[in-house]
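The working numbering applies: residue 102 is where the sequence shown begins, and numbers increase by one.
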Amino acid sequence: MKDLKYLRSEIDEVDSQLKDLLIRRYEILQAIRDTKKRNQLEPHDPLREKQVLKNFALEENQDQNDYLNSIAKVIHQSSLVVVSKTN
């Protein structure tokens, strides 16, 4: 059981780091939203979406690739919500 406790503490540490990175990403998205509004650009850029998903792809491990791809899709969809906000 000690191993499980240790592993869970490792996950907690990674989650904390992810949270900080996602907050930073959110702040950047707000700047992107403002820039797109100023330049009258559409919130959704299909080419950028493909690039974001490609950035998460791994070729050497399909299980990890599937895991990362599913997370990347959620991140991108959440990003579209932020960039599409009108206020």
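Beta carbons are placed, not taken as given, at the ideal position from N, Cα and C, and that holds for glycine.
Check, Outcome
"Between the C-alpha atoms of L148 and K138, what's the straight-line distance to the nearest angstrom?", "19 Å"
"Can you name the start and end residues of the alpha helix (DSSP H) that Q178 belongs to?", "163 to 185"
"Taking only the alpha-carbon atoms, compute the straight-line gap between S171 and L123 and give it to the nearest angstrom.", "16 Å"
"Would you mind sorting S180 into buried or exposed? The rule is 16 or more other CB atoms within 10 Å of its CB.", "buried"
"Between which two residues does the alpha helix (DSSP H) holding D135 run?", "103 to 139"
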